[in-house]
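Counting from 1, one number per residue, gives the positions in the sequence shown under the numbering used here.
For each residue, glycine too, the CB sits at the ideal point set by N, CA and C.
Quick caveat, the model's predicted, so the values are computed rather than measured.
This report refers to the structure that appears directly beneath it.
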Amino acid sequence: MEPTPELSPHHAYPDHWEADVVLRDGGTARIRPITTEDAERLVSFYEQVSDESKYYRFFAPYPRLSDRDVHRFTHHDYVDRVGLAVTIGGEFIGTVRFDRINDQGRPASAPADEAEVAFLVQDAHQGRGVASALLEHIAAVARERGIRRFAAEVLPANNKMIKVFRDAGYTQQRSFEDGSVHLTLDLEPTEKSLAVQRGREQRAEARSVQRLLAPGSVAVIGAGRTPGGVGRTVLRNLLAAGFTGRTYAVNRAFDEGLATLDGVPAHRSLGEIDERVDLAVIAVPAHRVPEAVADCGEHGVQGLVVLSAGYAERGSAGRELQRELVRQARSYGMRIIGPNAFGIINTAESVRLNASLAPESPARGRIGLFTQSGAIGIALLSGLHRRGAGLSSFISAGNRADVSGNDFLQYSFEDQDTDVALLYLESLGNPRKFTRLARRTAAVKPVVVVKGARHSGTNPPGHAVPVSRIPDATVSALMRQAGVIRVDTVTEMVDAGLLLAGQPLPAGPRVAILGNSESLGLLTYDACLAEGLRPRPPRDLTTAASPQDFRDALAEALADGTCDAVIVTAIPWVGENGEAETGDGEVLAAALRGAAAGGPAKPVAVVHVEIGGLAEALAAASSTAAPRTRPTTLAGRPAAAPGAPTGAAPATATAPTGPGTEAPPETAEPAGTAEPAGTTEPEAAGPPARPGRIPAYPAAERAVRAMAEAVKYAQWRRQAATPGKVPEFLDETTDEPGAAALIDTLLGPAPDPRGRPLTHDEARELLGRYGIPVRPTLPAPDPEAAVAAAARLGYPVALKTTAPHLRHRADLGGVRLDLTDEDALRRAYAEVTELLGKPAELLPVVQSMAPRGVDTVVRASIDAAAGAVLSFGLAGAPSELLGDTAHRLVPATDRDAAELIRSIKAAPVLFGWRGSAPVDTPALEELLLRLSRLVDDHPEVVSVALEPVVVAPQGLTVLGATVRLAPPPPRGDLGPRRLPNY
1 MEPTPELSPH HAYPDHWEAD VVLRDGGTAR IRPITTEDAE RLVSFYEQVS
51 DESKYYRFFA PYPRLSDRDV HRFTHHDYVD RVGLAVTIGG EFIGTVRFDR
101 INDQGRPASA PADEAEVAFL VQDAHQGRGV ASALLEHIAA VARERGIRRF
151 AAEVLPANNK MIKVFRDAGY TQQRSFEDGS VHLTLDLEPT EKSLAVQRGR
201 EQRAEARSVQ RLLAPGSVAV IGAGRTPGGV GRTVLRNLLA AGFTGRTYAV
251 NRAFDEGLAT LDGVPAHRSL GEIDERVDLA VIAVPAHRVP EAVADCGEHG
301 VQGLVVLSAG YAERGSAGRE LQRELVRQAR SYGMRIIGPN AFGIINTAES
351 VRLNASLAPE SPARGRIGLF TQSGAIGIAL LSGLHRRGAG LSSFISAGNR
401 ADVSGNDFLQ YSFEDQDTDV ALLYLESLGN PRKFTRLARR TAAVKPVVVV
451 KGARHSGTNP PGHAVPVSRI PDATVSALMR QAGVIRVDTV TEMVDAGLLL
501 AGQPLPAGPR VAILGNSESL GLLTYDACLA EGLRPRPPRD LTTAASPQDF
551 RDALAEALAD GTCDAVIVTA IPWVGENGEA ETGDGEVLAA ALRGAAAGGP
601 AKPVAVVHVE IGGLAEALAA ASSTAAPRTR PTTLAGRPAA APGAPTGAAP
651 ATATAPTGPG TEAPPETAEP AGTAEPAGTT EPEAAGPPAR PGRIPAYPAA
701 ERAVRAMAEA VKYAQWRRQA ATPGKVPEFL DETTDEPGAA ALIDTLLGPA
751 PDPRGRPLTH DEARELLGRY GIPVRPTLPA PDPEAAVAAA ARLGYPVALK
801 TTAPHLRHRA DLGGVRLDLT DEDALRRAYA EVTELLGKPA ELLPVVQSMA
851 PRGVDTVVRA SIDAAAGAVL SFGLAGAPSE LLGDTAHRLV PATDRDAAEL
901 IRSIKAAPVL FGWRGSAPVD TPALEELLLR LSRLVDDHPE VVSVALEPVV
951 VAPQGLTVLG ATVRLAPPPP RGDLGPRRLP NY
């Protein structure tokens with residue numbers, strides 16, 4: 001909306017306050033500032049509010065708004081007086097307003113930092129989380145305008161509003177004065193308020209996906225009159241899957257006399273349908289989609305699956321059409337899968353939904369699948385079907401204009417029918433949020449990801465999201481830190497998913513190998529070593545082994561306390577005439593199932609070569625849709641996300657699975673403090689406690705790779721059960737306020753958006769505020785200056801060139817070490833200038849020598865999409881040439897720092913490789929944590945490079961440091977909840 005003429009330029013309409021939000025029941029709404037053009041909307045809204053709600057708002061009967069009231073509530077300066085409205089279909093359903101006040105409670109202007117706040121929500125929309133969402137957004141607006149506290153007067157009987165304030169998680173004070181409750185809220189975000197906000201976000205977004213996957217009724221808009229075509233195909237697939245709800249065919253081209261199509265009611269428009277429609281599948285040309293969306297919005301449809309193409313994949317004009325599609329749908333409270341989608345599937349017995357172009361609905365199973373590509377979706381569905389695996393749910397999001405992989409993670413976290421989440425992603429719209437959600441989900445069930453478009457540096461057509469500039473190797477490391485199992489191909493994703501969905505997690509890396517082929521066993525053994533597992537010598541049962549021999553050997557291996565997993569290899573038996581016999585795969589499968597069921601709970605995988613029926617029999621070994629018990633950790637305790645308090649009571653999953661079910665009725669905002677994000681988990685999730693279906697693989701390498709991923713994931717789960725801590729460094733070595741003041745001074749009152757590099761002395765001063773000393777260097781523009789610098793620093797010294805093309809290039813002769821006296825320094829100076837150029841070009845410096853050790857490099861940088869990243873490697877060729885660098889997200893915990901230095905391939909050099917003295921790794925870990933804390937506390941520090949950091953057997957020395965400051969990039973993950981606009 002545009003600002004009205006009477007608003008001064010300084011108080012222009014703040015369009016950045018506009019936001020789409022997901023409410024508690026999964027519907028969407030729009031929050032925006034109120035303008036002078038909203039007078040009629042405000043009056044209409046107020047007329048629909050009950051007398052009781054009006055009384056609670058104004059503390060007296062107030063049947064209607066006067067003209068003066070309407071003017072006051074629609075005229076704001078967006079600084080001292082601000083009003084926000086929640087709209088659906090363009091009409092108000094809730095409002096909030098603040099007025100800045102002074103210490104006496106009278107109207108004031110800045111620098112007064114307190115405001116009085118009041119809410120009003122239509123009775124029909126109370127209990128949907130409207131007031132909670134409004135409080136988040138009006139608090140963010142207030143902080144932006146320099147307001148630090150809200151004051152509110154609430155009648156004691158208004159329990160709903162008191163609960164909204166109480167459960168927000170802000171620091172607050174409460175008193176009873178003159179018959180009302182006086183509340184004061186400190187608007188500074190707290191750990192508790194952030195947890196409440198994210199908990200509400202999780203429940204709302206999970207519910208929004210659940211509404212799409214479990215509708216009570218579906219209308220296919222664009223179902224053709226003749227067989228064939230996209231719409232008619234979806235209608236056919238819906239009926240073939242046995243959808244348990246009501247189905248309708250809609251096409252404006254239908255003859256007026258047509259009553260049914262394929263046995264379901266046929267209509268020319270949704271308006272002709274007397275019953276509610278929950279989900280609409282739109283399969284009409286792009287130019288007709290807006291009409292269909294409007295029809296759906298007016299009819300109260302809850303969600304859309306848009307199969308139509310012709311949007312962002314067609315270029316900039318199509319992208320604008322796509323954005324308008326999303327705006328239109330959200331204005332009616334609807335979420336979208338697509339456009340250019342392949343469809344959705346839910347195999348739950350109570351739903352049986354196949355609203356996709358997949359000709360066969362997959363079997364019911366425990367795997368949830370999300371893909372951004374229809375072609376990849378087809379391949380994955382086919383591959384899982386061939387392997388005998390079933391799915392719980394499937395979403396092919398197409399251009400992913402609205403519902404994304406993040407939404408799918410929110411849903412999968414709660415879904416009781418999903419044990420493993422598989423995602424094929426071509427872009428990450430919000431990497432910060434993705435890693436946060438993935439970490440929480442992975443704490444209770446595996447998340448397996450294939451990332452497409454890894455090396456192109458651009459997003460695929462149709463994916464209008466920020467492009468991350470960090471290398472793909474860094475993205476992979478950050479996913480691993482969050483517990484994500486990242487694989488390279490969709491085949492590897494299926495391989496890992498089958499093992500994780502059917503088998504318990506291994507307790508360690510020790511693998512027993514047994515089978516009737518010595519060669520195949522050796523191949524498996526080699527593959528285990530290559531993947532970092534600890535295989536036992538293969539046990540050869542010989543080609544004469546019977547199924548009973550396999551059963552006995554597997555039972556023995558499972559009972560062996562020195563093995564954590566078993567890989568069985570099998571080839572066809574050789575008959576008496578010397579010809580290979582395929583054998584009875586079902587008999588062998590039964591033998592392996594029996595041994596696995598009767599032994600300790602350890603994962604089992606089978607590698608087979610041309611044994612007919614074996615893979616199919618193993619896949620059918622047990623129902624993959626069997627109900628699961630509550631997940632447990634590897635120590636046998638109930639599973640919980642990292643950071644969950646010991647003994648926290650489990651929360652029942654809030655997403656029902658029946659078609660058309662509604663959110664539980666609630667009369668007030670949720671008690672978010674009782675369910676902070678990360679402290680609840682679904683009733684059933686994760687790999688089974690006992691072996692289920694045994695996965696079979698046609699190659700040893702594939703089975704071993706899947707087992708290795710399970711081993712690494714299990715190790716992450718064990719560690720996540722007791723997460724590391726972020727040290728405070730509350731001592732005299734850390735001066736956070738001093739660092740903040742220094743940064744403000746260095747950036748100045750009008751900082752350059754591009755930022756500025758710090759000088760050596762400035763960088764030393766800033767790093768010193770966080771206990772990171774940098775060894776001083778003195779300029780040496782001529783030999784005399786070099787000698788004077790050495791005398792000041794003390795011998796021995798080093799002479800270094802600092803020109804950009806020679807920095808850290810000792811191999812070019814620009815660094816001379818261990819200069820013990822003036823003569824040696826003068827000779828070195830002459831040699832360097834003779835070899836490389838004039839001093840003015842080389843920019844030589846003198847630095848005192850550091851104790852001998854291992855040269856390392858420590859960096860921290862801010863990526864606009866992924867956030868702050870901490871990196872570590874050995875200086876020189878290992879990191880620069882071989883890319884041997886490890887990465888962790890900031891803020892890093894003590895465990896992250898320890899893992900960081902141990903995860904590079906060259907890590908043995910730090911721990912006494914080939915008889916050398918181990919270096920002081922605790923000092924290195926402390927340095928990493930201090931740097932992490934610096935960039936986390938001060939987002940203006942956009943990049944830091946400490947190179948080299950010489951780590952000695954006792955202590956370390958930072959010899960060089962470069963720091964860059966810039967205005968902090970926006971942190972959308974810390975603001976109020978809002979849906980992204982791609």
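What do you get for residue i, buried or exposed, if any count of 16 or more other CB atoms within 10 angstroms of its CB means buried?
{"i": "Ala168", "result": "buried"}
{"i": "Ser871", "result": "buried"}
{"i": "Thr654", "result": "Here Thr654 scores only 35 on pLDDT, less than 50, and its place in the model should not be relied on; the value that follows carries that caveat. Buried, since its Cβ has 16 or more Cβ neighbours within 10 Å."}
{"i": "Ala635", "result": "In this prediction, Ala635 has a pLDDT of 34, which is less than 50 and means its spatial position is unreliable; what the coordinates show is noted afterwards. Burial call: exposed."}
{"i": "Asp20", "result": "buried"}
{"i": "Ala639", "result": "Annotation note: pLDDT 41 at Ala639 (below 50); position unreliable, no value reported."}
{"i": "Ser109", "result": "exposed"}
{"i": "Lys725", "result": "exposed"}
{"i": "Pro537", "result": "exposed"}
{"i": "Pro659", "result": "Interpretation of Pro659 is limited by its pLDDT of 42, a score under 50 that renders its predicted location unreliable; the figure taken from the coordinates is listed afterwards. Under this definition Pro659 is a buried residue."}
{"i": "Asn406", "result": "buried"}
{"i": "Ser984", "result": "Examination of residue 984 is not possible in this model, given that the chain is present from 1 through 982 alone."}
{"i": "His938", "result": "buried"}
{"i": "Gly1059", "result": "Any property of residue 1059 remains undetermined from this structure, which presents the chain solely from 1 to 982."}
{"i": "Pro33", "result": "buried"}
{"i": "Lys451", "result": "buried"}
{"i": "Trp913", "result": "exposed"}
Starting from residue i, follow its DSSP beta bridges and name the residues at the other end.
{"i": "Gln172", "result": "Leu185"}
{"i": "Thr569", "result": "Gly515 and Val607"}
{"i": "Phe983", "result": "Lying outside 1 to 982, the shown extent of the chain, residue 983 is not represented and no answer is given."}
{"i": "Ala961", "result": "Leu946"}
{"i": "Ala421", "result": "Gly368 and Val447"}
{"i": "Leu819", "result": "Val797"}
{"i": "Ile539", "result": "The sequence shown places Arg at residue 539, not Ile. Leu514, per the DSSP bridge assignment."}
{"i": "Ile31", "result": "Ala19 and Val86"}
Closest to residue i by C-alpha separation, out of the options, would be which residue?
{"i": "Ala482", "options": "Phe434, Gly179, Gly368 and Phe119", "result": "Phe434"}
{"i": "Ser943", "options": "Ser393, Arg24, Met334 and Arg756", "result": "Arg756"}
{"i": "Ala864", "options": "Pro967, Lys838 and Leu874", "result": "Pro967"}
{"i": "Ile221", "options": "Asp278, Glu205, Arg100 and Val447", "result": "Asp278"}
{"i": "Leu423", "options": "Glu414, Pro687 and Leu409", "result": "Leu409"}
{"i": "Asp889", "options": "Arg902, Ser932, Ala152 and Arg852", "result": "Note that residue 889 is Leu in the sequence shown here, rather than Asp. Ranking the options by Cα distance to Leu889, first place goes to Ser932."}
{"i": "Gly699", "options": "Val869, Ile567, Ala591 and Arg486", "result": "With the sequence shown as reference, residue 699 is identified as Ala, and Gly is not the correct amino acid for it. Nearest of Val869, Ile567, Ala591 and Arg486 to Ala699, Cα basis: Ile567."}
{"i": "Pro285", "options": "Arg57, Asn251, Gly129 and Ser44", "result": "Asn251"}
{"i": "Pro727", "options": "Arg930, Ala710 and Thr777", "result": "Arg930"}
{"i": "Ala438", "options": "Gly398, Glu701, Met479 and Gly429", "result": "Met479"}
Of all Cβ atoms in chain D, is any one closer than 8 Å to the Cβ of residue i?
{"i": "Gly127", "result": "Within the model displayed, chain D is absent; a lone protein chain is all it includes."}
Compute the beta-carbon to beta-carbon distance between residue i and residue j, rounded to the nearest angstrom, for a pair I have assumed lies under 8 Å.
{"i": "Asp855", "j": "Gly876", "result": "7 Å"}
{"i": "Ala763", "j": "Leu799", "result": "About 21 Å separates the two Cβ atoms, so there is no contact after all."}
{"i": "Val154", "j": "Ser180", "result": "6 Å"}
{"i": "Pro600", "j": "Leu558", "result": "5 Å"}
{"i": "Val306", "j": "Pro339", "result": "4 Å"}
{"i": "Leu23", "j": "Ala204", "result": "6 Å"}
{"i": "Ser392", "j": "Ile367", "result": "6 Å"}
{"i": "Val82", "j": "Val141", "result": "6 Å"}
{"i": "Val958", "j": "Val774", "result": "5 Å"}
{"i": "Leu946", "j": "Val858", "result": "4 Å"}
For this session: Could I get the ranges of all uninterrupted alpha helix (DSSP H) runs contained in the region 861-935, with 4 residues as the minimum, in chain order?
Result: 877-880 and 894-902
For this session: Jot down the residue ranges of each uninterrupted alpha helix (DSSP H) in the region 198-281, minimum 4 residues, whole runs only, in chain order.
Result: 230-241
For this session: Can you check the region 78-154 for any alpha helix (DSSP H) of at least 4 residues that lies completely inside it and give the ranges in chain order?
Result: 130-144
For this session: May I have a chain-ordered list of the alpha helix (DSSP H) segments no shorter than 4 residues that lie completely inside the region 282-322?
Result: 289-298
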